[in-house]
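A short write-up of the structure that comes next.
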Ligand SMILES: *Cc1c(COP(=O)(O)O)cnc(C)c1O
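Residue numbers (this note's numbering): 2 to 458.
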């Protein structure tokens with residue numbers, strides 16, 4: 002068969018298989034698939050690759066067209082099973098939303114809502130009003146607002162309060178967190194001028210004091226979310242920085258990163274700074290994420306002095322960085338749980354996973370191993386071990402919480418190959434490799450059946 006004998010697109014479109022496809026998807030998509038399948042065949046023939054003559058038959062060609070169209074209908078954003086042991090896994094979408102937040106998202110997605118509408122007055126309202134009321138009640142701050150994520154919150158605050166002026170930061174807090182968020186770079190983009198003080202391991206009040214001039218707009222403290230310096234270290238605590246700021250008439254802002262709304266040590270977890278506590282200690286502005294330990298949607302929350310929040314709101318960047326209605330709906334519902342729920346650990350999945358008792362994790366692991374034994378042949382070897390999970394998203398990086406893992410081993414498959422096989426399941430199961438062994442961490446698994454891979458090939 003020669004290239005010239007390949008059927009034309011118009012002939013492919015008349016084939017019964019393509020006719021069936023056209024009832025389900027639009028014509029452009031089918032035409033594109035026909036062209037790309039024909040292009041591939043032509044390229045293969047031209048490059049002298051061995052091409053099975055049967056593959057050039059029209060039935061085979063439309064079969065490939067159908068497969069291509071079907072594959073392109075599958076979303077890139079797929080549901081997966083998180084058995085990594087990292088509860089708030091940034092690459093897997095961080096916090097799972099509370100049911101109340103899911104319901105609020107569905108309502109906001111399918112009905113008109115009072116996003117910027119004041120029902121009492123029948124006129125325009127503020128988008129962040131409901132969220133502000135709740136944040137004020139939960140943190141004791143005078144005012145609050147919300148933008149797309151914490152990176153945006155930091156950018157907005159720096160641009161509003163310090164454009165063209167100095168911001169003093171300790172060298173020990175010039176962090177980079179995942180996804181290329183670097184304090185010096187965000188600072189440069191905001192128009193603020195970085196004045197770094199102290200050293201990597203030690204910074205003293207006198208260092209800040211010496212750096213303050215009439216160009217200083219802000220003293221910034223950054224929570225070193227994802228790393229710890231240990232040993233010969235000193236940093237300036239927030240109250241000292243606030244005292245210094247007050248004396249010199251300079252506001253103090255803290256980028257808290259994760260930012261817990263409640264004291265996590267009450268649930269047997271390591272302590273993470275609590276937003277209300279930072280406000281009480283005098284921070285003029287505090288920024289934190291909505292989808293880290295708070296357990297809500299992606300958002301950047303800003304609480305603090307009413308005069309500063311008003312300036313932030315008046316900055317045109319606030320409009321550019323504003324949240325959509327789905328985020329506002331989910332965030333308000335999540336914050337309402339913190340305010341109203343009798344049992345937030347039960348109602349907020351991120352907290353539930355972080356605070357899950359080891360005995361319960363081990364019980365799920367035992368049930369999952371039984372289910373896996375039923376599904377697998379004897380070439381798979383399974384055992385349960387104790388290990389440690391992480392909260393993730395930069396929260397408490399050095400603190401690991403005890404968990405149970407299922408160790409999966411196979412007579413012929415390496416740990417890397419096993420991890421790949423589990424990723425090929427429907428839905429994909431994402432575990433972790435440690436010391437050359439493939440592990441399924443059960444902390445975030447509630448239904449043992451979720452760990453049984455379904456392979457279609
Ligand atoms: C996570 C984090 C950020 C970025 O927050 P996003 O909500 O991911 O944009 C900024 N600063 C600190 C200290 C963080 O831990």
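Even for Gly, the Cβ is constructed at its ideal location relative to N, Cα and C.
**Asked** Does the segment 112-125 come close enough to the segment 263-274 that 3 or more CB-CB pairs lie under 8 Å?
**Response** no
**Request:** Compare the beta carbon distance of residue 223 and residue 259 with 7 Å and say whether it is the shorter of the two.
**Result:** Translated into positions along the chain shown, residue 223 becomes position 222. Translated into positions along the chain shown, residue 259 becomes position 258. No. Outside cutoff.
**Request:** Report the option in 365, 409, 327 and 179 whose CA atom is closest to the CA atom of residue 128.
**Result:** Stepping through the chain shown from its first residue, residue 128 is reached at position 127. Of the candidates 365, 409, 327 and 179, the one whose C-alpha sits nearest the C-alpha of residue 128 is 327.
**Asked** Skipping 5 residues on each side, what residues in its chain have a beta carbon closer than 8 Å to that of residue 100?
**Response** On the chain shown, position 99 is the one that residue 100 refers to. Excluding residues within five positions, the ones whose Cβ falls inside 8 Å are 348.
**Message:** How far does the beta strand (DSSP E) with residue 288 in it extend, from its first residue to its last?
**Reply:** Indexing the chain shown from 1 puts residue 288 at position 287. Start and end: 286-290.
**Prompt:** Any idea what DSSP makes of residue 193, helix, strand or coil?
**Reply:** Stepping through the chain shown from its first residue, residue 193 is reached at position 192. Correct three-state label for residue 193: coil.
**Status (buried if at least 16 other CB within 10 Å, exposed otherwise) for residue 289** = What you label residue 289 is simply residue 288 of the chain shown in a count that begins at 1. Residue 289 should be labelled buried.
**Item:** Proximity below 7 Å, CB of residue 393 to CB of residue 89
**Value:** Stepping through the chain shown from its first residue, residue 393 is reached at position 392. Stepping through the chain shown from its first residue, residue 89 is reached at position 88. For residue 393 and residue 89, yes; Cβs fall inside 7 Å.
**Asked** Which residues in the same chain have their Cβ closer than 6 Å to the Cβ of residue 388, if we skip the five residues on either side of it in sequence?
**Response** Taking the first residue of the chain shown as position 1, residue 388 is located at position 387. Cβ within range, chain order: 404 and 406.
**Request:** Specify whether the segment 369-379 and the segment 171-179 touch according to this definition: at least 3 beta carbon pairs, one from each stretch, less than 8 Å apart.
**Result:** no
**Asked** Would the segment 420-430 and the segment 331-344 be scored as touching if the rule is three or more Cβ pairs under 8 Å?
**Response** no
**Prompt:** Is it the case that the CB of residue 284 approaches a heavy atom of ligand 1 more closely than 6 Å?
**Reply:** Your numbering for residue 284 matches position 283 in the chain shown. No, Cβ of residue 284 sits at least 6 Å from all heavy atoms of ligand 1.
**Message:** Do residue 330 and residue 106 count as a contact pair if the criterion is CB distance below 7 Å?
**Reply:** As a position in the chain shown, residue 106 is number 105, starting the count at 1. As a position in the chain shown, residue 330 is number 329, starting the count at 1. Going by C-beta atoms, residue 106 is nearer than 7 Å to residue 330.
**Exposed unless 16 or more other CB atoms sit within 10 angstroms - verdict on residue 334** = For this step, residue 334 is matched to residue 333 along the chain shown. The residue in question, residue 334, is buried, as its Cβ has 16 or more Cβ neighbours within 10 Å.
**Cβ pair count under 8 Å reaching 3, the segment 188-195 against the segment 157-170** = yes
**Message:** Rounded to whole angstroms, what is the Cα-Cα separation between residue 13 and residue 36?
**Reply:** Mapped onto the chain shown, residue 13 falls at position 12. Mapped onto the chain shown, residue 36 falls at position 35. Whole-angstrom Cα-Cα distance: 10 Å.
**Prompt:** Using the C-alpha atoms, what's the distance from residue 279 back to residue 378?
**Reply:** Residue mapping note: residue 378 aligns to position 377 of the chain shown, counting from 1. Residue mapping note: residue 279 aligns to position 278 of the chain shown, counting from 1. Distance between the alpha carbons of residue 378 and residue 279 is about 55 Å.
**Prompt:** Is residue 90 near ligand 1, going by C-beta to nearest heavy atom under 6 Å?
**Reply:** Numbered from its first residue, the chain shown carries residue 90 at position 89. For ligand 1, not one heavy atom lies less than 6 Å from the Cβ of residue 90.
**Message:** For residue 419 and residue 199, I'd like the C-alpha separation in whole angstroms.
**Reply:** In the chain shown, counting from the first residue as 1, residue 419 sits at position 418. In the chain shown, counting from the first residue as 1, residue 199 sits at position 198. Residue 419 and residue 199: Cα-Cα distance of roughly 48 Å.
**Request:** Run the proximity test for residue 182: is its beta-carbon closer than 6 Å to any non-hydrogen atom belonging to ligand 2?
**Result:** Ligands displayed in this structure: ligand 1; ligand 2 is not among them.
**Item:** As assigned by DSSP and simplified to three states, the class of residue 73
**Value:** Within the chain shown, the letter at position 72 stands for residue 73. Correct three-state label for residue 73: helix.
**Prompt:** Can the beta-carbon of residue 220 be found less than 7 Å from the beta-carbon of residue 242?
**Reply:** Translated into positions along the chain shown, residue 220 becomes position 219. Translated into positions along the chain shown, residue 242 becomes position 241. For residue 220 and residue 242, yes; Cβs fall inside 7 Å.
**Request:** Give the C-beta separation of residue 324 and residue 149 to the nearest angstrom, bearing in mind that I take them to be a contact with Cβ-Cβ under 8 Å.
**Result:** Here residue 324 corresponds to residue number 323 of the chain shown, with the count starting at 1. Here residue 149 corresponds to residue number 148 of the chain shown, with the count starting at 1. Right, the Cβ-Cβ distance comes to about 6 Å (below 8 Å), so this counts as a contact.
**Request:** Have a look at 141, 61 and 98 and flag the residue whose alpha-carbon is nearest the alpha-carbon of residue 263.
**Result:** For the purposes of this step, residue 263 is taken as residue 262 along the chain shown, with counting starting at 1. Nearest C-alpha to residue 263: 141.
**Request:** Consult DSSP for residue 62 and reduce its assignment to one of helix, strand or coil.
**Result:** Taking the first residue of the chain shown as position 1, residue 62 is located at position 61. Here residue 62 sits in helix by DSSP.
**Beta-carbon proximity list for residue 80, same chain, < 6 Å, skipping 5 on both sides** = Along the chain shown, read from residue 1 onward, the residue named residue 80 stands at position 79. Here the set comprises 428.
**Prompt:** Does the beta-carbon of residue 273 have 16 or more other beta-carbons within 10 angstroms, so that it is buried, or is it exposed?
**Reply:** Reading the chain shown from its first residue, position 272 is the one you call residue 273. Buried, by the Cβ-count rule.
**Request:** With a threshold of 6 Å, establish whether the CB of residue 256 neighbours any heavy atom of ligand 1.
**Result:** On the chain shown, position 255 is the one that residue 256 refers to. Answer for residue 256: yes, Cβ within range of ligand 1.
**DSSP-derived helix/strand/coil call for residue 92** = Taking the chain shown and counting its residues from 1, the one referred to as residue 92 is at position 91. The answer is helix: DSSP assigns residue 92 an H, G or I state.
**Message:** DSSP has residue 254 in a bridge; who is on the other side?
**Reply:** Reading the chain shown from its first residue, position 253 is the one you call residue 254. Paired residues: 221 and 286.
**Asked** residue 1: beta carbon under 6 Å from a heavy atom of ligand 1?
**Response** Residue 1 lies beyond the range of the chain shown here (2 to 458); nothing can be said about it.
**Message:** DSSP has residue 452 in a bridge; who is on the other side?
**Reply:** Counting from one through the chain shown, the residue named residue 452 turns up at place 451. Partner(s): none; residue 452 has no beta bridge.
**Item:** Euclidean distance between Cα positions of residue 109 and residue 332
**Value:** For the purposes of this step, residue 109 is taken as residue 108 along the chain shown, with counting starting at 1. For the purposes of this step, residue 332 is taken as residue 331 along the chain shown, with counting starting at 1. Rounded to the nearest angstrom, the two C-alpha atoms are 12 Å apart.
**Request:** Output yes or no for whether 7 Å exceeds the beta carbon distance between residue 253 and residue 285.
**Result:** Within the chain shown, the letter at position 252 stands for residue 253. Within the chain shown, the letter at position 284 stands for residue 285. Going by C-beta atoms, residue 253 is nearer than 7 Å to residue 285.
**Request:** List the endpoints of the continuous alpha helix (DSSP H) containing residue 337.
**Result:** Reading the chain shown from its first residue, position 336 is the one you call residue 337. Its alpha helix (DSSP H) spans residues 326-341.
**Asked** Tell me which same chain residues have a C-beta within less than 8 Å of the C-beta of residue 138, skipping the five on either side of it?
**Response** For this step, residue 138 is matched to residue 137 along the chain shown. If we look at residue 138 and ignore the five residues flanking it on each side, its Cβ neighbours are 340.
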